[in-house]
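**Student:**
Protein chains: 2
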Amino acid sequence: MTITSSRPQVQNLQTSLIRKLANQAMGREGVIPLWFGEPDVPTPEFIRQTAKTAIDEGQTFYQPNLGIEPLRTAIATYMNGLYQTRFDIDNIVVSVSGMSALSLAMQCVVAEGDSVIVPSPVWPNLPSVAKILGANIISIPLRPVNGRWTLDIDQLFDSVQDNTRAMLINSPNNPTGWMLTDDEQQTILDFCRERDIWLIADEVYSRIVYDRKFAPTFANKITDDDKVIIINSFSKSWAMTGWRLGWLTVPNSLISTLETLVEFNFSCIFAPIQLAGIAALQGGEDFIQISMKRYQVARDRIIEEFAGLPRVTLPEPEAAFYAFFAVDGIDDSFAFAEKILLEVGVGLAPGIAFGSDGEGYLRLCYATDINTLDKALTAMRPLLM
Amino acid sequence: MTITSSRPQVQNLQTSLIRKLANQAMGREGVIPLWFGEPDVPTPEFIRQTAKTAIDEGQTFYQPNLGIEPLRTAIATYMNGLYQTRFDIDNIVVSVSGMSALSLAMQCVVAEGDSVIVPSPVWPNLPSVAKILGANIISIPLRPVNGRWTLDIDQLFDSVQDNTRAMLINSPNNPTGWMLTDDEQQTILDFCRERDIWLIADEVYSRIVYDRKFAPTFANKITDDDKVIIINSFSKSWAMTGWRLGWLTVPNSLISTLETLVEFNFSCIFAPIQLAGIAALQGGEDFIQISMKRYQVARDRIIEEFAGLPRVTLPEPEAAFYAFFAVDGIDDSFAFAEKILLEVGVGLAPGIAFGSDGEGYLRLCYATDINTLDKALTAMRPLLM
Numbered sequence: 000m001t002i003t004s005s006r007p008q009v010q011n012l013q014t015s016l017i018r019k020l021a022n023q024a025m026g027r028e029g030v031i032p033l034w035f036g037e038p039d040v041p042t043p044e045f046i047r048q049t050a051k052t053a054i055d056e057g058q059t060f061y062q063p064n065l066g067i068e069p070l071r072t073a074i075a076t077y078m079n080g081l082y083q084t085r086f087d088i089d090n091i092v093v094s095v096s097g098m099s100a101l102s103l104a105m106q107c108v109v110a111e112g113d114s115v116i117v118p119s120p121v122w123p124n125l126p127s128v129a130k131i132l133g134a135n136i137i138s139i140p141l142r143p144v145n146g147r148w149t150l151d152i153d154q155l156f157d158s159v160q161d162n163t164r165a166m167l168i169n170s171p172n173n174p175t176g177w178m179l180t181d182d183e184q185q186t187i188l189d190f191c192r193e194r195d196i197w198l199i200a201d202e203v204y205s206r207i208v209y210d211r212k213f214a215p216t217f218a219n220k221i222t223d224d225d226k227v228i229i230i231n232s233f234s235k236s237w238a239m240t241g242w243r244l245g246w247l248t249v250p251n252s253l254i255s256t257l258e259t260l261v262e263f264n265f266s267c268i269f270a271p272i273q274l275a276g277i278a279a280l281q282g283g284e285d286f287i288q289i290s291m292k293r294y295q296v297a298r299d300r301i302i303e304e305f306a307g308l309p310r311v312t313l314p315e316p317e318a319a320f321y322a323f324f325a326v327d328g329i330d331d332s333f334a335f336a337e338k339i340l341l342e343v344g345v346g347l348a349p350g351i352a353f354g355s356d357g358e359g360y361l362r363l364c365y366a367t368d369i370n371t372l373d374k375a376l377t378a379m380r381p382l383l384m
Numbered sequence: 000m001t002i003t004s005s006r007p008q009v010q011n012l013q014t015s016l017i018r019k020l021a022n023q024a025m026g027r028e029g030v031i032p033l034w035f036g037e038p039d040v041p042t043p044e045f046i047r048q049t050a051k052t053a054i055d056e057g058q059t060f061y062q063p064n065l066g067i068e069p070l071r072t073a074i075a076t077y078m079n080g081l082y083q084t085r086f087d088i089d090n091i092v093v094s095v096s097g098m099s100a101l102s103l104a105m106q107c108v109v110a111e112g113d114s115v116i117v118p119s120p121v122w123p124n125l126p127s128v129a130k131i132l133g134a135n136i137i138s139i140p141l142r143p144v145n146g147r148w149t150l151d152i153d154q155l156f157d158s159v160q161d162n163t164r165a166m167l168i169n170s171p172n173n174p175t176g177w178m179l180t181d182d183e184q185q186t187i188l189d190f191c192r193e194r195d196i197w198l199i200a201d202e203v204y205s206r207i208v209y210d211r212k213f214a215p216t217f218a219n220k221i222t223d224d225d226k227v228i229i230i231n232s233f234s235k236s237w238a239m240t241g242w243r244l245g246w247l248t249v250p251n252s253l254i255s256t257l258e259t260l261v262e263f264n265f266s267c268i269f270a271p272i273q274l275a276g277i278a279a280l281q282g283g284e285d286f287i288q289i290s291m292k293r294y295q296v297a298r299d300r301i302i303e304e305f306a307g308l309p310r311v312t313l314p315e316p317e318a319a320f321y322a323f324f325a326v327d328g329i330d331d332s333f334a335f336a337e338k339i340l341l342e343v344g345v346g347l348a349p350g351i352a353f354g355s356d357g358e359g360y361l362r363l364c365y366a367t368d369i370n371t372l373d374k375a376l377t378a379m380r381p382l383l384m
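Chains as they are written, first to last, in numbering that gives the first Met the number 0: chain A, 0 to 384; chain B, 0 to 384.
(1) So that I know if they touch, is there some Cβ in chain A lying closer than 7 Å to that of Glu44/B?
(2) What runs of the alpha helix (DSSP H), each 4 residues or longer, lie entirely inside the region 326 to 372 of chain A?
(3) What first and last residue would you give for the alpha helix (DSSP H) that runs through Met78/B?
(4) Residues in the same chain with beta-carbon distance under 7 Å from Leu274/B, minus the five sequence neighbours each way, listed in chain order, please.
(5) In angstroms, rounded to a whole number, what distance separates the CA positions of Pro140/A and Tyr360/A?
(6) Our contact map puts Ser290/A next to Gly97/A with C-beta atoms below 8 Å; I'd like the distance itself, whole angstroms only.
(7) Drop a sphere of 10 angstroms on the beta-carbon of Thr175/B, count the other beta-carbons inside from all chains shown, and report buried for 16 or more, exposed for fewer.
(8) Answer with buried or exposed for Ile351/B, where buried requires no fewer than 16 other C-beta atoms within 10 angstroms of its C-beta.
(9) Within its chain, find whatever has a CB closer than 7 Å to the CB of Ile369/A; leave out the 5 residues flanking it on each side and keep chain order.
(10) State whether the region 317 to 331 of chain A contacts the region 165 to 185 of chain A, with contact taken as three or more CB pairs (one from each stretch) at a distance under 8 Å.
(11) For chain B, find out if any of its Cβ atoms is closer than 7 Å to the Cβ of Val128/A; answer yes or no.
(12) For the beta strand (DSSP E) containing Leu247/B, name the first residue and the last one.
(13) What did DSSP end up calling Ala104/A once you bin it into helix, strand or coil?
(14) Under 7 Å, Cβ to Cβ, is there at least one residue of chain B near Ala278/A?
(15) Looking only at its chain, what residues have a beta carbon closer than 6 Å to the beta carbon of Pro143/B, apart from the 5 residues adjacent to it on each side?
(16) Report the start-end ranges of each alpha helix (DSSP H) in the region 138 to 202 of chain B that is 4 residues or longer and not cut off at the edges.
(17) Going by other Cβ atoms of all chains shown within 10 Å of its Cβ, with 16 needed for buried, is Leu244/B buried or exposed?
(18) Just to confirm before moving on: does the CB-CB distance between Tyr321/B and Cys364/B stay below 7 Å?
(19) Please go through the same chain and pick out, in chain order, the residues whose beta-carbon is closer than 8 Å to the beta-carbon of Leu376/A, but skip the five residues on each side of it.
(20) Okay, do the region 111 to 120 of chain B and the region 160 to 167 of chain B touch, 3+ Cβ pairs below 8 Å being the bar?
(21) Take Gln8/B as the anchor and find which of Phe45/A, Val109/A, Phe60/A, Glu68/A has the nearest alpha-carbon.
(22) Does DSSP put Tyr294/B in a helix, a strand or coil?
(23) To the nearest angstrom, how far is the alpha carbon of Leu20/A from that of Phe323/A?
(24) Using a Cβ-Cβ cutoff of 9 Å, what residues of the region 2 to 34 of chain B are near chain A? List them in chain order.
(25) Tell me the rounded alpha-carbon separation between Leu347/B and Ala378/B.
(26) Got a sec: is the Cβ-Cβ distance from Cys191/B to anything in chain A below 7 Å?
(27) Looking at C-alpha atoms only, which residue of Pro120/A, Asp55/A, Ala306/A, Thr59/A is the closest neighbour of Ser138/A?
(28) Between which two residues does the beta strand (DSSP E) carrying Gly92/B extend?
(29) For Asp387/A and Thr72/A, I'd like the C-alpha separation in whole angstroms.
(30) How do the region 329 to 342 of chain A and the region 25 to 44 of chain B stand: do at least 3 beta-carbon pairs fall below 8 Å, yes or no?
(31) So which residues on chain B does Phe265/A lean against when the C-beta distance must stay under 7 Å?
(32) Determine, using beta carbons only, whether Tyr61/B comes closer than 7 Å to chain A.
(33) Taking only the alpha-carbon atoms, compute the straight-line gap between Leu198/A and Gln185/A and give it to the nearest angstrom.
(34) Could you compute how far the alpha carbon of Thr149/B sits from the alpha carbon of Ala366/B?
(35) Under a three-way DSSP split, which group does Asn219/B fall into?
(36) Closest to Gly66/A by CA distance: which of Asn90/A, Glu56/A, Thr1/A is it?
Below is the structure:
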């Protein structure tokens with residue numbers, strides 16, 4: 000007998016197309032996996048050491064729902080130092096990953112029948128979390144204009160309907176590397192204030208940016224009266240993907256609601272992981288700089304390679320560590336990603352995995368060492384010529 | 000400006016009354032905290048060592064949604080050895096705690112407008128998770144009969160309505176220590192089969208039982224065609240509360256739905272924690288035996304103490320590590336717990352925290368060393384005489 004979920008929203012959920020493709024590589028030798036958004040190096044030693052010390056000390060008991068106070072303080076201090084803001088501990092909620100932070104934010108904001116506006120292509124989990132809660136998603140397409148991804152702000156605003164509860168904006172964007180400018184952020188914030196719309200800002204790639212120290216952020220534009228929740232994560236900046244640690248920045252008055260929601264989602268987080276997060280925030284700037292130099296070299300190498308391939312169009316990624324590129328004549332990105340996997344052993348994410356606005360594109364994660372990247376680019380070349 | 004959640008179900012959520020009371024102890028010296036359900040010892044050294052080794056090895060990357068295969072296999076092997084069952088890896092989903100397992104189960108099963116039947120008093124998070132999803136809760140009171148907690152099975156069955164989607168049964172029960180018998184479990188399972196009702200069995204106290212190796216379990220009664228999800232956790236059996244590791248046992252055909260739901264809840268779990276779980280399952284039987292001897296001594300000590308206090312009624316806990324006792328003349332358990340806290344510095348959980356069926360009772364967690372327990376019992380004595 001086949002037993003299925005009783006919830007309509009859950010029955011209609013689709014498995015990730017990236018995972019579907021990656022499953023085909025199971026047991027295949029020598030595949031170069033550039034499909035997931037993950038740095039190829041383990042977490043820095045000093046961060047790991049902090050966790051081990053806490054385990055030695057026997058820090059294996061329950062912790063507060065909102066996160067341990069030293070970590071919440073360290074996060075506020077980190078943000079205030081970086082962004083010149085004035086957050087305090089009661090603006091900060093620790094979560095088991097950026098994904099879980101996003102889920103908590105949506106649980107706060109979105110109810111059955113609401114609509115949520117999302118610039119797209121976008122990491123599929125963002126709209127999916129809203130869909131699980133019964134929301135209707137309105138996608139606003141990012142478009143390449145003169146070699147740069149852009150969002151049509153007028154189209155964004157025009158898409159607002161009576162039942163629009165929130166805008167869900169991922170800038171810097173996965174998969175495209177697009178970023179909002181500071182001026183655009185201010186315009187969007189002003190609009191959301193006027194229309195009483197929530198703004199959920201996924202800023203997990205805030206530090207993965209090539210021409211400045213941090214990407215434009217809503218953090219330095221909001222007040223404690225704004226219906227804005229900012230999502231962040233330790234995964235990308237400090238190569239901590241596996242640790243599952245993220246945070247939300249929220250209006251002070253929302254903190255008790257989140258304390259309750261955390262209780263019913265995961266209750267608390269392993270203390271050694273939280274202490275590792277403090278170590279990352281306080282001692283991780285060198286690692287970010289070293290990583291950005293690596294990503295810059297990899298990005299330049301890809302831009303150079305694709306410039307020599309007339310069929311390939313790559314709007315330059317301003318942030319994050321993905322090349323999101325189109326190939327002339329390709330309109331089924333899943334089939335083409337499958338072909339690349341099976342014929343030359345390189346694992347890419349099909350653009351369709353990021354919504355219909357991503358169709359025709361492929362995503363390559365270049366947070367990898369340059370030799371592996373070279374090998375992958377060389378292997379793919381015949382299929383892209 | 001006060002900013003509140005936009006979701007009606009979330010607006011109405013209440014903070015735990017245990018936490019509300021515990022907050023009053025903040026900064027108070029010398030409080031003996033017996034309000035939380037947590038063993039007082041750190042996780043055994045061999046489990047902690049396994050996690051540290053994995054951190055040293057650099058196991059800091061993303062992991063599969065459902066859990067790493069060695070852990071899922073170890074869980075199936077552990078259950079099959081203990082219960083004489085035949086689960087395989089595709090019946091097992093790893094989660095960030097029993098709480099998260101419960102939340103995943105509810106997301107699979109419960110939709111807006113459903114009703115869910117819950118024997119009560121019960122750990123408040125169980126019904127709350129169903130409520131967040133829009134379900135209506137029907138509580139069936141556990142009652143002390145001849146010094147033992149009992150469930151009226153006829154009343155349980157009579158409460159089923161057309162919209163009843165699930166029974167949510169926590170046996171062994173927190174807070175009472177009540178357990179279903181094997182015969183009662185079979186009767187309930189047969190009924191749920193006939194009426195096509197989901198059975199969510201929270202069995203996190205399965206190993207904390209005084210007269211046998213494991214409590215009666217639905218695991219050895221179900222087939223893969225049953226709409227049954229069993230919740231379990233590493234927290235109580237192996238003193239791993241802080242690690243956040245649990246699992247679900249599900250019908251094989253539900254596994255792909257859960258894989259997707261995990262992706263949108265927490266995505267995956269830190270590999271060193273999962274490897275620590277394997278160590279616990281494979282090497283943790285001695286620790287369970289030692290712990291049960293400690294809990295037995297503590298339980299007997301409390302039974303002896305309360306036998307000498309005519310105002311106190313303690314139905315004997317058959318399992319778990321809680322004394323859930325009534326005090327003659329007390330009908331406001333929160334006020335009385337507050338009085339005990341403020342006057343003699345002992346932290347107990349008020350019965351009302353476990354639903355209205357718990358009013359008039361107090362819960363004392365005796366997973367603590369005997370000297371601390373003695374000190375608490377002596378301190379409370381004047382208020383219970």
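Backbone N, C-alpha and C fix where the C-beta goes; we use that ideal spot for every residue, glycine too.
Remember, predicted model here, so these are calculated numbers, not experimental data.
**Tutor:** On the basis of the coordinates in this document:
(1) Taking the second sequence and counting its residues from 1, the one referred to as residue 44/B is at position 45. Answer no: the Cβ-Cβ gap between Glu44/B and chain A never drops below 7 Å.
(2) List check, alpha helix (DSSP H) in window: 332 to 343.
(3) The residue given as residue 78/B occupies position 79 in the second sequence. Note, Met78/B: alpha helix (DSSP H), 68 to 82.
(4) For the purposes of this step, residue 274/B is identified with residue 275 of the second sequence, where counting begins at 1. Only residues of its own chain outside the window of five on either side were considered, and among them Thr49, Ala50, Ala53 have a CB closer than 7 Å to the CB of Leu274/B, listed in chain order.
(5) The residue given as residue 140/A occupies position 141 in the first sequence. The residue given as residue 360/A occupies position 361 in the first sequence. Taking the straight line joining both Cα atoms gives about 14 Å.
(6) Numbered from its first residue, the first sequence carries residue 290/A at position 291. Numbered from its first residue, the first sequence carries residue 97/A at position 98. Not quite, the Cβ-Cβ distance comes to about 17 Å (not below 8 Å), so this is no contact.
(7) The residue labelled residue 175/B in the question sits at position 176 within the second sequence. Burial state of Thr175/B is buried, judged by a 10 Å Cβ sphere holding 16 or more other Cβ atoms.
(8) Stepping through the second sequence from its first residue, residue 351/B is reached at position 352. Buried, because 16 or more other Cβ atoms sit within 10 Å of the Cβ of Ile351/B.
(9) Locating residue 369/A in the first sequence gives position 370, where the first residue counts as 1. Taken in chain order, the residues that qualify are Val296, Ala297, Arg300.
(10) yes
(11) Stepping through the first sequence from its first residue, residue 128/A is reached at position 129. So, interface residue.
(12) Start at 1 with the first residue of the second sequence, and residue 247/B comes out as number 248. Residues 245 to 248.
(13) Here residue 104/A corresponds to residue number 105 of the first sequence, with the count starting at 1. In the structure shown, Ala104/A sits in a helix (DSSP, three-state: H, G or I).
(14) Along the first sequence, read from residue 1 onward, the residue named residue 278/A stands at position 279. False, the Cβ-Cβ gap to chain B never drops below 7 Å.
(15) If you number the second sequence from 1, residue 143/B lands on position 144. Result list for Pro143/B: Pro314, in chain order.
(16) 152 to 157, 181 to 194
(17) For the purposes of this step, residue 244/B is taken as residue 245 along the second sequence, with counting starting at 1. Buried, because 16 or more other Cβ atoms sit within 10 Å of the Cβ of Leu244/B.
(18) As a working mapping, residue 321/B is identified with position 322 in the second sequence. As a working mapping, residue 364/B is identified with position 365 in the second sequence. Against a cut-off of 7 Å, the Cβ pair of Cys364/B and Tyr321/B comes out as a contact.
(19) Within the first sequence, the letter at position 377 stands for residue 376/A. Around Leu376/A, the same chain offers Arg300, Ile301, Glu304 as residues with beta carbons nearer than 8 Å, after the five sequence neighbours per side are excluded.
(20) yes
(21) Here residue 8/B is taken as the residue at index 9 of the second sequence, counted from 1. The closest CA to that of Gln8/B, considering only Phe45/A, Val109/A, Phe60/A, Glu68/A, is found on Val109/A.
(22) By one-based count along the second sequence, residue 294/B stands at place 295. Tyr294/B: helix per DSSP, three-state reduction.
(23) Here residue 20/A refers to the residue found at position 21 of the first sequence. Here residue 323/A refers to the residue found at position 324 of the first sequence. Near 17 Å, if we compare the C-alpha coordinates of Phe323/A and Leu20/A.
(24) From the region 2 to 34 of chain B, only Ile2, Thr3, Ser4, Ser5, Arg6, Pro7, Gln8, Val9, Gln10, Leu12, Gln13, Thr14, Ser15, Arg18 have a Cβ closer than 9 Å to chain A.
(25) Stepping through the second sequence from its first residue, residue 347/B is reached at position 348. Stepping through the second sequence from its first residue, residue 378/B is reached at position 379. Using only the alpha carbons, I get a separation of about 13 Å.
(26) For this step, residue 191/B is matched to residue 192 along the second sequence. False, the Cβ-Cβ gap to chain A never drops below 7 Å.
(27) In the first sequence, the residue the question calls residue 138/A occupies position 139. Of Pro120/A, Asp55/A, Ala306/A, Thr59/A, the residue nearest in Cα terms is Pro120/A.
(28) Reading the second sequence from its first residue, position 93 is the one you call residue 92/B. The question names Gly, but residue 92/B in the sequence shown is Val. Residues 91 to 94.
(29) Nothing can be reported for residue 387/A, as the shown portion of chain A is limited to 0 through 384.
(30) Touching, no, given that fewer than three Cβ pairs across the two stretches are closer than 8 Å.
(31) For the purposes of this step, residue 265/A is taken as residue 266 along the first sequence, with counting starting at 1. Per Cβ cutoff of 7 Å: Val95, Ser96, Met98, Ser99, Arg243, Phe265.
(32) Residue 61/B sits at position 62 when you count from the first residue of the second sequence. True, the Cβ-Cβ gap to chain A drops below 7 Å.
(33) What you label residue 198/A is simply residue 199 of the first sequence in a count that begins at 1. What you label residue 185/A is simply residue 186 of the first sequence in a count that begins at 1. The straight-line gap separating the alpha-carbon atoms of Leu198/A and Gln185/A is approximately 12 Å.
(34) Here residue 149/B refers to the residue found at position 150 of the second sequence. Here residue 366/B refers to the residue found at position 367 of the second sequence. The alpha-carbon atoms of Thr149/B and Ala366/B are separated by roughly 24 Å.
(35) As a position in the second sequence, residue 219/B is number 220, starting the count at 1. DSSP places Asn219/B in the helix class (H, G or I) of the three-state scheme.
(36) To locate residue 66/A, count along the first sequence from 1; it is residue 67. The residue with the shortest Cα to Cα distance from Gly66/A is Asn90/A.
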